[in-house]
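Number of protein chains: 4
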Amino acid sequence: MMKRDELRDLYFRIRRFTESLCEPLETEDYVVQSMPDVSPTKWHLAHTSWFFETFILRTAVNGYSIHNGMFQHLFNSYYKTVGDPFPRLQRGFLSRPTVAEVYAFREHVDRAMERFFADASGSVYHKYEFIAEVGLNHEEQHQELILTDIKHVLASNPLQPAYRKDLSAAPGEDARLGWTPFAGGMVEVGYRGESFSFDNERPRHCVYLRPFEIANRLVTAREYVEFMDDGGYHRPDLWLSDGWDARMRLDWFAPLYWQKMEGEWQVGTLSGSRGVDPNEPVCHISYYEADAYARWAGARLPREEEWETAAADETPDGNFVERGHYHPVSLATRSTAEEKPAQLFGDTWEWTASPYTAYPGYVPYEGSLGEYNGKFMCNQMVLGRSS
Amino acid sequence: MMKRDELRDLYFRIRRFTESLCEPLETEDYVVQSMPDVSPTKWHLAHTSWFFETFILRTAVNGYSIHNGMFQHLFNSYYKTVGDPFPRLQRGFLSRPTVAEVYAFREHVDRAMERFFADASGSVYHKYEFIAEVGLNHEEQHQELILTDIKHVLASNPLQPAYRKDLSAAPGEDARLGWTPFAGGMVEVGYRGESFSFDNERPRHCVYLRPFEIANRLVTAREYVEFMDDGGYHRPDLWLSDGWDARMRLDWFAPLYWQKMEGEWQVGTLSGSRGVDPNEPVCHISYYEADAYARWAGARLPREEEWETAAADETPDGNFVERGHYHPVSLATRSTAEEKPAQLFGDTWEWTASPYTAYPGYVPYEGSLGEYNGKFMCNQMVLGRSS
Amino acid sequence: MMKRDELRDLYFRIRRFTESLCEPLETEDYVVQSMPDVSPTKWHLAHTSWFFETFILRTAVNGYSIHNGMFQHLFNSYYKTVGDPFPRLQRGFLSRPTVAEVYAFREHVDRAMERFFADASGSVYHKYEFIAEVGLNHEEQHQELILTDIKHVLASNPLQPAYRKDLSAAPGEDARLGWTPFAGGMVEVGYRGESFSFDNERPRHCVYLRPFEIANRLVTAREYVEFMDDGGYHRPDLWLSDGWDARMRLDWFAPLYWQKMEGEWQVGTLSGSRGVDPNEPVCHISYYEADAYARWAGARLPREEEWETAAADETPDGNFVERGHYHPVSLATRSTAEEKPAQLFGDTWEWTASPYTAYPGYVPYEGSLGEYNGKFMCNQMVLGRSS
Amino acid sequence: MMKRDELRDLYFRIRRFTESLCEPLETEDYVVQSMPDVSPTKWHLAHTSWFFETFILRTAVNGYSIHNGMFQHLFNSYYKTVGDPFPRLQRGFLSRPTVAEVYAFREHVDRAMERFFADASGSVYHKYEFIAEVGLNHEEQHQELILTDIKHVLASNPLQPAYRKDLSAAPGEDARLGWTPFAGGMVEVGYRGESFSFDNERPRHCVYLRPFEIANRLVTAREYVEFMDDGGYHRPDLWLSDGWDARMRLDWFAPLYWQKMEGEWQVGTLSGSRGVDPNEPVCHISYYEADAYARWAGARLPREEEWETAAADETPDGNFVERGHYHPVSLATRSTAEEKPAQLFGDTWEWTASPYTAYPGYVPYEGSLGEYNGKFMCNQMVLGRSS
């Protein structure tokens, strides 16, 4: 556990970073929900504040005054034991509160959290410090969602506005694909450290694995184009049955944000549309596409435990948001002499073949926070997780 | 036809009025599409400018430069012979152009229209003056849509923001319902004047009518509540078959924007929610509800030609937007001693029993403007039209 | 009104004819509902019997015993004032009652109707004789529906079974298209005779018409192919807006039951699939297609009153079911020397431009029979009616 | 592997049993598809024959004549590498082939299979004998589907016909619930024998398990009613998020086929509807309901490997179809003195908490048969499997 003032500093650092992500936006950009899975940026800003108000301030701070009672309804994502969440599909119907009013809500919550860090008695602080950590990790998840969602909002617009034109690309080279062998046997997976972890990362437990190999880098655009050129999107034998149905129903023909213009593949990024770099990792593909690609390539997606094993001893370093690319980069910026798998951290989430289920012995958070993760352990696949 | 400078003055008066309707809005309010039939306010502002750019400026003004080529696509409502209209259901997905950029587009168009009025040769002006009149009537239609649509956007929001809090109500009395008799026989309907009319208002033509009566005022909220209290929404025998299906599927139980709170009916208006005035005209009901009400009341909706006949000799005066109510008002503010039907102008659109079809001898506008009205003569009912 | 024994004989003649239409069917054919608008044949057989049981036998015949109480629910089409109709979309989910049991139900009803004709007192008979006539006309409507629906059931089957292989075609010649002029003016429409009519055919009333012309024959397949070859299904300017939406959504490219095989248009008929005869009338097209064709041809669909006027003085003779073609036939089998419109009776229903509404002064049947027609006067177009 | 004549005898025994299951049906019952997951009985009869024709007879038997080329299309379930399967949702639209024609198809296939068993050379027989075994196991799966599907067809009918009235119930007692402990550790799962197994049952592999307990009998109706009476269907905290959405959207309130009549729960069975026996196992509940029940009961569903471990050493004996109940039975007909889990075989499928995925090292069948199982390893949960 962090010390109180460390956590306080972290709180404000993370909150400020969230807001800094919004600086490039026009007011109008904060409002739009361009598809059901997207939330408007101002909704993210308010929801992350709702989290602290609901799970800490309401009960931990004497005399805390709810900023706006209706916000309890509007910015509840899915916690049914806390109240009646506003329908997700209608988040884009809300012109109010305005962006300025949402920032005022954040300010209200931040001032109260400051009081919490300053004034809470030891026993009260002790009771809530972990929830504060959950709230910060939660806010970091929404930082990622803000970028993911605004990317979709802007890319849906025929005017093709860029989020930031000044993001640097990082062209690399055609790094040779190799396979790193692992012996398998009895391995341990799940969080093993002392610092924060989500309930669904615990408990650490044993799994028995057969020997396996894992690719030493991500699949590149060049390789994915080979799959496409070989009829990948037109051969049902390569696809799971549900995947083929989705591909037909939704008319998939390439990764999301790819478009062919005058014979060249273009990719939409947060800095606008540009030609596909053949060496960059392919991203924004569904599980079904990843699975079909793997079958075409004569391989398979790794199991969650295999991926965890491969990543376990690596230094969590990579193309994270701090590097300022906001897009996966090709590998030549790093050493590939070694056989170790690269790009396990940063760049992009990586599909595994494992459905999302509870670890053996899983115990959800207590109370309403138990709705955070546990009730979604169904009908989803695990993605490789960085750090 | 108006003189050139009269039309020029009218142009700027109407364009400015459109903008004045938007003054109460926050930037965020311009963006939202809260249901498929709603368009975002900024879309209305841009589309009405697109109209002048597309049908006049592009060809009538030498050296006119298109403001933004993509706007030709984004703000085309449904003119397929002009290009590929942006999908209606996605208008709310567009955060750009920003509101400021839309106003700049309006300014660009207005400056060019000023040049058109000032510099067009006689023959060019003659060729386009009628289209300019169409464009202004078109813009007035969208003024009404702006109010209709922003009403829905704000009313969909649990925060219940008001468009303008300062709109005055006009409580009246319980005006006695009477029936005005008309002899029928051969009547003429369709536009007969010299000034502007839409293509679907012509040609004037003869219709033979049986004797009929028409109510001397609109149905009041009090009467409609009686219908509801008598099980109006629960008796399929009162409804058209399609109407009953809609009522069940959409769970209708009262007019749109009505809600019962602590036993009292509240109505949402552009100045916020308030108690229903029993003497105010009921509005925001579907054709099916109007039809069911009429059947319950032992009456029927008037035919289009009956309504036209009743309104033909009346002075077009009433509760129009200029009065500043932005809501229908009860009748006691006017004389009801006479037996003549009142409230035919202003207040609210009035359902007739007539499907929307072409008048005998109807000829659509020439060219792409022919898409304005003709292609919609299907699956809609005629509403009583004011002025 | 017919005499009692005439009506009795007609009753049994019509009932037997219904059953004779089913002779070519396999047991399995009676069961299937191949689209929402189709009803299984055995449903038609039972529903028409339900009609007599519900509206006559239950109250007119002392001691009549309901055949099966559940049939009151299962075979009620849409009479909500009589009970709760079984959901239309699930008619094809009912394997029981079996076909044999449905015929037993018919037999039960027929025996009771025989008693009714034989034994009803004068006053009881007088009270019900009109309803019996309604029931017979109702059954004739369902005879048509049986053929329409079984045609769809069989045509949906890749095995392409024929209803009857022995139906005779009647190839004709390319009859020249001409236009028959009518003076218009004040005309009368609506039923004027003494014998049976539906409530929606009354009252006879005056309508004022402008002069008009009507084609002297139906549109032929040759003409329709010209429309198709001229891009008829690819030019939105020819279509109503709703029509174009339907054409795109449902992927229409030709009349229902037409398919191109090896460059030749084939048409599915009740005697199986065969090459299109260029001189046969085109049929199985929607209102939207008929409207688009008319616009392409520089014409328009006739108004209901125009069609009625054209047909008023013609002898009701034509290609009815008794001729045994079960398909429209080309015109050369009849004289075309004269300018009079042909094919107004028999062959096919003919689209008019008139929405289906109540005639001025329309009064629905009394009681539950009032649901027969009145509640459907909405969102449908009038088709030219034979006899 | 069985000897050739043993397999031959088995073939005819299984084929005859399929047909014996259909003896209680009326012709009409064979035709209906009462929901998307149901297939008409005659489709099952034909599809299982299509299997032998497609995967054996076409290539293994010289001079074999395809019974009807179109059947290759109609009765292909989902094998895209073999051809274009007829759309699953339209199986109930096919009145033809008739039931008699389907039996003729079966006869045709059986005669050819008889020739195969009699005349195939050693090498040909060797190549196809395993496929014949697959086909027989496949047919047994469809025997179960025939009963499952006809149950739905008949239960959807308000006439509530019974499949067979003569099925014997087996009322038992309230067997005490106990929990059988297992030590866990390294266990092996997957098929280990010499006789037939499906590809998805292999290879046998090691799994490491924590100690666990498993209930010594199935959940009874009594227990499930307690869950319902405690608000089980009204407490979102008990449900997975997707489960709650399904429960709301589909309006679940009890197990499928349960209905409350005059305060008593009735259950629909293949012998008709009858009062729920509180001691009978609850069945026809979804994964979401089973999961919610387990959470309510303070337990969890077992993992696939736990269930397999519990069942591994049990004698595969239980309430299979041969016992003639066609419904799960309560436990008192068996000994419960011991602590061993009962009812693992027969009675009903049992939900596990494990998503359906490939076993480590899984290899699909070769060729088109590879579509049998592999492409469905997604978005499904594993059920406990008997024998």
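Residue numbers (the numbering used here), protein chains in the order written: chain B, 1 to 387; chain F, 1001 to 1387; chain R, 2001 to 2387; chain E, 3001 to 3387.
Just so you know, even glycine gets a beta-carbon here, dropped at the ideal spot from N, CA and C.
- Per DSSP, reduced to three states, the secondary structure at residue 383 (chain B) is strand.
- When B:311, B:240, B:13 are compared, the shortest CA-CA separation from residue 114 (chain B) is found for B:13.
- For residue 3355 (chain E), the closest of B:331, B:382, B:346 by C-alpha to C-alpha distance is B:382.
- Contact between the region 114-127 of chain B and the region 58-67 of chain B is established, with three or more Cβ pairs separated by less than 8 angstroms.
- CA-to-CA, the gap between residue 2376 (chain R) and residue 1245 (chain F) works out to about 12 angstroms.
- Look at residue 2073 (chain R): its C-beta is under 8 angstroms from a C-beta on chain E.
- The shortest CA-to-CA distance from residue 2186 (chain R) to any of R:2209, R:2218, R:2047 is the one to R:2209.
- If you draw a straight line from the Cα of residue 259 (chain B) to the Cα of residue 278 (chain B), it is about 14 angstroms long.
- One alpha carbon belongs to residue 1088 (chain F), the other to residue 1067 (chain F), and they sit about 22 angstroms apart.
- The closest CA to that of residue 1340 (chain F), considering only F:1312, F:1350, F:1358, is found on F:1312.
- Listed in chain order, the positions of the region 135-167 of chain B with a beta carbon within less than 8 angstroms of a beta carbon of chain F are 153, 154, 156, 157, 158, 159, 161.
- For residue 23 (chain B), no beta strand (DSSP E) run applies, since DSSP gives it neither H nor E.
- Residue 3296 (chain E) is positioned such that its CB atom lies closer than 8 angstroms to that of residue 3230 (chain E).
- Going by DSSP, residue 3128 (chain E) is part of the alpha helix (DSSP H) stretching over 3122-3155.
- The beta carbon of residue 3108 (chain E) is closer than 6 angstroms to those of 3067 in its chain, skipping five residues each way along the sequence.
- In this structure, the beta-carbon distance from residue 2281 (chain R) to residue 2352 (chain R) does not fall below 8 angstroms.
- Listed by position along chain R, the residues whose Cβ is nearer than 9 angstroms to that of residue 3059 (chain E) form an empty set, because the closest Cβ is around 24 angstroms away.
- In the DSSP assignment, residue 3252 (chain E) falls outside any alpha helix (DSSP H) and carries neither an H nor an E.
- One Cα belongs to residue 1379 (chain F), the other to residue 2287 (chain R), and the distance between them is close to 12 angstroms.
- For the options F:1365, F:1326, F:1289, F:1204, the alpha carbon positioned closest to that of residue 1146 (chain F) is the one of F:1326.
- Following the DSSP letters along the chain, one finds residue 208 (chain B) in no alpha helix (DSSP H) but inside the beta strand (DSSP E) bounded by residues 205-209.
- The residue among F:1141, F:1154, F:1139, F:1124 with its C-alpha nearest the C-alpha of residue 92 (chain B) is F:1154.
- Boundaries of the beta strand (DSSP E) harbouring residue 269 (chain B): 264-269, taken from the DSSP string.
- For residue 1186 (chain F), the neighbours in chain R by C-beta distance under 7 angstroms run, in chain order, 2208.
- By the C-beta criterion, the region 16-27 of chain B is judged not to be in contact with the region 122-129 of chain B, since fewer than 3 inter-stretch pairs fall below 8 angstroms.
- Under the Cβ criterion (8 angstroms, minimum of three pairs), the region 1193-1205 of chain F does not count as touching the region 1296-1306 of chain F.
- Taking a 10 Å sphere around the C-beta of residue 2082 (chain R), we find 16 or more other C-beta atoms and assign the residue as buried.
- Looking at the DSSP output, residue 281 (chain B) sits in a beta bridge with B:220.
- Closest in alpha carbon position to residue 293 (chain B), among B:240, B:261, B:273, is B:240.
- For residue 1094 (chain F), the C-beta contacts it makes with chain B under 7 angstroms involve 157, in order along the chain.
- Residue environment analysis places residue 2270 (chain R) among the buried positions, since at least 16 neighbouring C-beta atoms fall within 10 angstroms of its C-beta.
- Under the three-state reduction of DSSP output, residue 212 (chain B) falls in the strand class.
- Identification of chain R residues near residue 3070 (chain E) by a Cβ-Cβ cut-off of 7 angstroms yields 2158, 2159, ordered along the chain.
- With a threshold of 8 angstroms between beta carbons, residue 1099 (chain F) makes contact with chain B.
- For the region 3031-3045 of chain E, the set of residues with a beta-carbon nearer than 7 angstroms to any beta-carbon of chain R comprises 3031, 3032, 3034, in chain order.
- Per DSSP, the continuous beta strand (DSSP E) segment holding residue 3352 (chain E) begins and ends at 3350-3355.
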